[in-house]
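*Asks:* Submitted below is the structure of interest, expressed as structure tokens.
Numbering (the UniProt record's numbering), first residue to last: 1 to 147.
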């Protein structure tokens, strides 16, 4: 994954009991504004948004299509780790995953078209469901990739 180039702004606001600072970036085709708190000095946030000097409590894209917001902060016991180690999984590139995902959606759309033909065959002559009535669109948080 490409490293995110953050621009830390001077704007501040309170989220819950934490003073937060604004940061902005462009990542994979989307412009994000986030609010992070240096009071929790972990470089972590929702989804792939990380790399700031504090926990991201809120993130939104410029188009208002995506919004992440912390609803509760429980600092808990420092002796316990909330993140469990990953088991061993086969490694593959981001490009291979994106191609696999696109192929999977194309096959799903083909199946929907075939199912639609069966549904139409069982309806009265004056009833018709257009092929465009049922389809999946490949939509994700990433609008573009670095390959």
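Note that the Cβ used here is the ideal one computed from N, Cα and C, for glycine as well.
Using a threshold of 8 Å, state whether the C-beta atoms of residue 46 and residue 27 are closer than that.
*Replies:* No, the pair does not count as a contact, with Cβ atoms beyond the cut-off.
*Asks:* Suppose the cutoff is 7 Å on Cβ atoms and the five residues either side in sequence are ignored; what does the same chain contact list for residue 23 look like?
*Replies:* Result list for residue 23: 6, 7, 8, 9, 34, 36 and 52, in chain order.
*Asks:* Which residues in the same chain have their Cβ closer than 6 Å to the Cβ of residue 169, if we skip the five residues on either side of it in sequence?
*Replies:* Coverage of the chain is limited to positions 1 through 147, which leaves residue 169 absent and any answer about it impossible.
*Asks:* Could you tell me whether any non-hydrogen atom of the ligand ATP is closer than 7 Å to the CB of residue 26?
*Replies:* Here there are no bound small molecules, and the ligand ATP is not part of this structure.
*Asks:* Over what stretch of residues does the beta strand (DSSP E) that includes residue 67 continue unbroken?
*Replies:* It spans 67-69 - the beta strand (DSSP E) in which residue 67 sits, taken as one unbroken run.
*Asks:* Can you name, in chain order, every residue of its own chain whose Cβ lies under 7 Å from the Cβ of residue 41, other than the five neighbours on each side?
*Replies:* Here the set comprises 53 and 54.
*Asks:* Are the CB atoms of residue 39 and residue 19 nearer to each other than 8 Å?
*Replies:* Yes, Cβ-Cβ distance for residue 39 and residue 19 is below 8 Å.
*Asks:* Can you tell me which of the three DSSP states residue 17 falls into?
*Replies:* Residue 17: coil per DSSP, three-state reduction.
*Asks:* Name the DSSP bridge partner or partners of residue 31?
*Replies:* DSSP lists 26 as partners of residue 31.
*Asks:* Can you look up residue 147 in the DSSP assignment and give me helix, strand or coil?
*Replies:* Reduced to three states, the DSSP call for residue 147 is coil.
*Asks:* Looking at the structure shown, is residue 7 part of a helix, part of a strand, or coil, going by DSSP?
*Replies:* Note: residue 7 maps to strand in three-state DSSP.
*Asks:* Which whole-angstrom value describes the C-beta separation of residue 16 and residue 73, a residue pair presumed to lie in contact below a C-beta threshold of 8 Å?
*Replies:* About 6 Å separates the two Cβ atoms, so the contact holds.
*Asks:* So the beta strand (DSSP E) residue 59 belongs to, where does it begin and stop?
*Replies:* Note, residue 59: beta strand (DSSP E), 55-61.
*Asks:* Quick one: using the 10 Å Cβ neighbour count with 16 as the cut-off for buried, is residue 65 buried or exposed?
*Replies:* Burial call: exposed.
*Asks:* In whole angstroms, what is the alpha-carbon distance linking residue 111 and residue 101?
*Replies:* Approximately 15 Å, taken between the alpha carbons.
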